[in-house]
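Below is one structure, written out as structure tokens; the observations come after it.
Number of protein chains: 2
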Amino acid sequence: MVPPGTVPAGSTLPMLSWACLPQYMNWLVWMPSVVMNISVCFLKRLKRSQLKVRFCTNESQKSRGDLVGMLRRLGFDISEGEVTAPAPAACLILKERGLRPHLLIHDGVRSEFDQIDTSNPNCVVIADAGEGFSYQNMNKAFQVLMELENPVLFSLGKGRYYKETSGLMLDVGPYTKALEYACGIEAEVVGKPSPEFFKSALWEMRVEAHQAIMIGDDIVGDVSGAQRCGMRALQVRTGKFRPSDEHHPEVKADGYVDNLAEAVDLLLQHADK
Amino acid sequence: MVPPGTVPAGSTLPMLSWACLPQYMNWLVWMPSVVMNISVCFLKRLKRSQLKVRFCTNESQKSRGDLVGMLRRLGFDISEGEVTAPAPAACLILKERGLRPHLLIHDGVRSEFDQIDTSNPNCVVIADAGEGFSYQNMNKAFQVLMELENPVLFSLGKGRYYKETSGLMLDVGPYTKALEYACGIEAEVVGKPSPEFFKSALWEMRVEAHQAIMIGDDIVGDVSGAQRCGMRALQVRTGKFRPSDEHHPEVKADGYVDNLAEAVDLLLQHADK
């Protein structure tokens, strides 16, 4: 049994990374990754404050509706409109560029693409398809790309793996690398750590990057991605955090907190001033 | 129906690349790739000469026995002892280094590993597993690697794709890239273009690299690999050959021939002198 309001260690809860805006009382909150025990009360405290909060996830196995539903059942006060996720972001790009994708995705997220024309595909969208990463499905995506004069591949995130109760599981990143190598191309990443993805979240909040702070547990996906788009970023020492992250050769967080509770305290202290 | 002695275009015939030794009447012959129509007579002419001939393949879906059986049924005069292939080469390395592999391979090649201890694995061997590249099997190999303190991954070849009658098919290379990215490691390649692999073929022929010439259709797998181990290499303008290969930024073949017939003529002319 999962106590309400608690995310069980090793659950399939998606990337949760938190970001916030310390200026103008604007806050972005990103949902942090997996294995943290997060009580809903921290989120309630944030939301009760004057801070703007936003959730940013690389979840690509579920639609936003299903994701939010699951979190609400766990007790989180969250709505679809507060979530920035790769599939809807990809749909915007596809429409802007008039692209018709071949979808190598999980059935759980297919509904996000209901309004997208997938006939006669001129690009491929790959997401965390899980068991859908069969040889046949990978080969089909590969063949679609090889038939295009200018192959375009969108990858919803580029994570290496995630943790489930049954153990570590391959994420979309390795399969994206496979198609990149097979076709001699480079994928366009939609999701963290792409700065474009953080920008779209900021735009949805109507705040500037310098006004925002990201809180997350992934040194690359959360911290580096946010910093590269001009935000500050705190790393939480839980979940994906590894002690070696504090000596990462290329990425240096603007600060560290032991857990989300400490992060929320810190934010609210600053907000009170 | 396939006429005896002819390799049908688009067949599943494995990489055939030819190499030969122009000095001391020693010749290595590597079997060339796929879509060439090769008459057995060219091989017969070579074998009737005083030239030493050897076949080197990256085939990793079939055992040498099955491969040779198939070629003999097509009319080729060839025996198991004349073939250098990645699976037997990998077995030698595993034995030398006392490694026990987890095998992510095609059932057709499993018999090559009959004498190898696969209990309590301390490395992974990946080969062209075809339909065996399910998410579950990839994830199992990934988990084995992640549980090792020093993960060791052997890749039987690193080809991107090959051609079947049903279209282009993903080869082992993309899946190796996937595991490399997921685990943050680099695979040891057993097979072409690894210079170690060419060296083992030369050793089996008892000839030096400078005495040997490689004939193949793959600018990287055949030409570059052979040159990097000190051999000369001709590229055949059939099969995998692309006109752009003649302007490859890094690899320059020692010569080009339009087809295997021309290569054999050329070799025999030199041998006659």
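Protein chains in written order, with the numbering used here: chain E, 1 to 273; chain P, 1001 to 1273. For every residue, glycine included, the Cβ atom is placed at its ideal position computed from N, Cα and C.
The alpha carbon of E:H210 has as its nearest neighbour, out of E:G159, E:G230, E:E196, the alpha carbon of E:G230. When Cβ-Cβ separations below 9 angstroms define contact, E:A182 makes contact with chain P. Secondary structure note for E:R237: it is in no beta strand (DSSP E), with a DSSP letter that is neither H nor E. Within the segment 1041 to 1093 of chain P, the complete alpha helix (DSSP H) segments of 4 residues or longer fall at 1064 to 1073, listed in chain order. Residue environment: E:D258 is assigned as exposed (fewer than 16 neighbouring CB atoms within 10 Å of its CB, all protein chains considered).
Here E:C123 is bridged, per DSSP, to E:P101. The beta-carbon distance between E:N122 and E:L99, rounded to whole angstroms, is 6 angstroms. This is short enough to meet the 8 angstroms contact definition.
Measuring C-alpha to C-alpha distances from E:K252 to each of E:R97, E:R110, E:G216, E:S200 identifies E:G216 as the nearest. Ranked by Cα distance from E:S155, the options E:F198, E:D128, E:M146, E:E164 are led by E:D128. Residues of the segment 142 to 164 of chain E with a Cβ closer than 7 angstroms to any Cβ of chain P, in chain order: F142, Q143, M146, R160, Y161. Spatial neighbours of P:S1200 in its own chain (CB-CB distance under 7 angstroms, excluding positions within 5 residues in sequence) are listed in chain order as T1084, A1089. Going by beta carbons, P:C1091 and P:E1059 fall outside the 9 angstroms limit. Using beta-carbon distances, P:D1171 counts as an interface residue toward chain E, with a partner under 9 angstroms.
Listed in chain order, the non-local C-beta contacts of E:K44 below 8 angstroms within the same chain comprise D77, local neighbours out to five positions each way being set aside. Here DSSP, grouped into helix, strand and coil, assigns E:M231 to coil.
Distances from the CA of P:G1132 to each of P:L1104, P:Q1143, P:R1206, P:V1125 were compared; the closest alpha carbon is that of P:L1104. At a beta-carbon threshold of 7 angstroms, the residues of chain P lying near E:G167 are Q1143, ordered along the chain. Against chain E, the CB of P:G1108 has no partner CB under 9 angstroms away; the residue lies outside that interface. For E:V207, the three-state secondary structure derived from DSSP is coil. A distance below 6 angstroms between beta-carbons, with the five flanking residues on each side excluded, links E:K192 to the following residues of its chain, in chain order: N58, G221, G225. In this structure E:A182 does not touch E:F241 by the C-beta definition: roughly 33 angstroms separates them, more than the 8 angstroms allowed.
At a C-beta separation below 8 angstroms, E:L179 has these neighbours in chain P: P1174. Taken in chain order, the whole beta strand (DSSP E) runs of length 3 or more contained in the segment 1171 to 1210 of chain P are 1188 to 1190.
Within chain P, no residue has its CB atom less than 8 angstroms from the CB of E:E204, the nearest being about 30 angstroms off.
Around the beta carbon of E:R232, 16 or more other beta carbons sit within 10 angstroms, so the residue counts as buried. Around E:N139, the beta-carbon contacts reaching into chain P at under 7 angstroms are M1169, L1170. Contact with chain P is absent for E:F241, since none of that chain's Cβ atoms lies less than 9 angstroms from the residue's Cβ. Those residues of the segment 1109 to 1134 of chain P placed with their C-beta closer than 9 angstroms to a C-beta in chain E are A1129, G1130, E1131, G1132, F1133, S1134, ordered along the chain. Per DSSP, the continuous alpha helix (DSSP H) segment holding P:F1142 begins and ends at 1135 to 1146.
For P:S1063, same chain residues with a beta-carbon under 6 angstroms away, outside a window of 5 residues either side, are V1109, S1111, E1112 in chain order. The shortest CA-to-CA distance from P:Y1175 to any of P:L1168, P:Y1161, P:G1167, P:S1166 is the one to P:Y1161.
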